[in-house]
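What follows is a single structure, written as structure tokens, with notes after it.
Below you can see the structure in the form of structure tokens.
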């Protein structure tokens with residue numbers, strides 16, 4: 001008796017994923033599964049290629065704002081929402097890991113989390129990660145939003161927030177929209193002042209991360225905290 005089933009088309013990402021796992025697919029093919037359809041004259045896989053090239057890679061695509069995505073031919077509201085949802089789910093998964101593990105034992109995860117939050121920002125933002133006695137994440141909060149060149153950060157306000165969260169330690173992070181990762185004189189001065197202020201209430205400043213482009217620089221790793 002002849003079977004009605006047909007072998008999976010090697011050009012069809014969904015069938016290949018189910019047959020062999022997601023790892024065998026290229027990034028444009030994985031995007032094609034999310035997008036489902038392309039545009040006239042441009043299939044879903046080709047659209048995936050275009051998006052990756054347009055945003056300079058997957059990180060750029062998944063950190064893009066809604067306005068930038070909606071401006072792309074072939075991305076309507078539905079596809080834009082799907083890409084934004086994937087980005088937010090990734091951020092929440094990273095946050096989940098930090099809540100259940102020890103931040104000091106997973107510096108790359110801390111960097112990945114800060115990149116997911118800060119890399120898309122077009123103006124300078126500063127955030128604090130408040131940690132418990134086991135260095136697990138209690139909360140992550142924006143504490144300042146500035147211009148393209150600076151953000152006003154007040155150590156006293158950070159100390160007050162840390163006490164409100166009953167934090168035992170803290171990681172500071174901010175972005176450089178210019179793409180220059182090197183810490184400024186003001187960055188180093190803030191780190192010193194904040195460390196001193198936190199020490200007065202027996203809270204440790206574990207690190208100060210600077211996010212620039214797809215990089216996250218740790219001042220602790222440089223011995224500057």
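Numbering (full-length UniProt numbering), first residue to last: 1 to 225. Ideal Cβ positions, reconstructed from N, Cα and C, are used throughout, including at glycine. Quantities reported herein were computed from a predicted structural model and do not represent experimental measurements.
DSSP, reduced to helix, strand and coil, places residue 135 outside both helices and strands of the structure shown, so it counts as coil. Annotated three-state conformation of residue 187 is helix, per DSSP. Going by DSSP, residue 27 is part of the alpha helix (DSSP H) stretching over 27 to 35. Per DSSP, the unbroken alpha helix (DSSP H) holding residue 87 starts and ends at 77 to 100. No Cβ-Cβ contact shorter than 9 Å links residue 195 with residue 159. Per DSSP, residue 178 is not a residue of any beta strand (DSSP E), being assigned neither H nor E. The shortest C-alpha to C-alpha distance from residue 152 to any of 164, 162, 175, 136 is the one to 175. By alpha-carbon distance to residue 85, the top candidate from 116, 161, 132 is 116. Under the three-state reduction of DSSP output, residue 166 falls in the coil class, being neither helix nor strand. Taken atom to atom, the span from the alpha-carbon of residue 66 to that of residue 83 is near 9 Å. Within the same chain, 82 come within 6 Å of residue 34 by CB-CB distance, once the 5 residues on both sides are set aside.
One alpha carbon belongs to residue 121, the other to residue 56, and they sit about 16 Å apart. Inter-residue distance for residue 191 and residue 208 is about 7 Å (C-alpha atoms, whole angstroms). Between the beta-carbon of residue 61 and that of residue 70 there is about 13 Å, and that puts the pair past the 8 Å contact cut.
In the three-state scheme derived from DSSP, where H, G and I count as helix and E and B as strand, residue 145 is classed as strand. With contacts defined by Cβ atoms closer than 9 Å, residue 169 and residue 113 do not form a contacting pair.
Minimum Cα-Cα distance from residue 139 among the listed residues 154, 119, 96 corresponds to 96. Within the same chain, 218 come within 7 Å of residue 107 by CB-CB distance, once the 5 residues on both sides are set aside. Of the other Cβ atoms in all chains shown, 16 or more fall within 10 Å of the Cβ of residue 29; this residue is therefore buried. Boundaries of the alpha helix (DSSP H) around residue 14: 13 to 20. DSSP places residue 210 inside the beta strand (DSSP E), whose first and last residues are 204 to 212. Note that the C-beta distance between residue 129 and residue 98 is below 9 Å.
Taking C-beta separations shorter than 7 Å and ignoring five residues to either side along the sequence, the partners of residue 133 in its chain run 168, following chain order.
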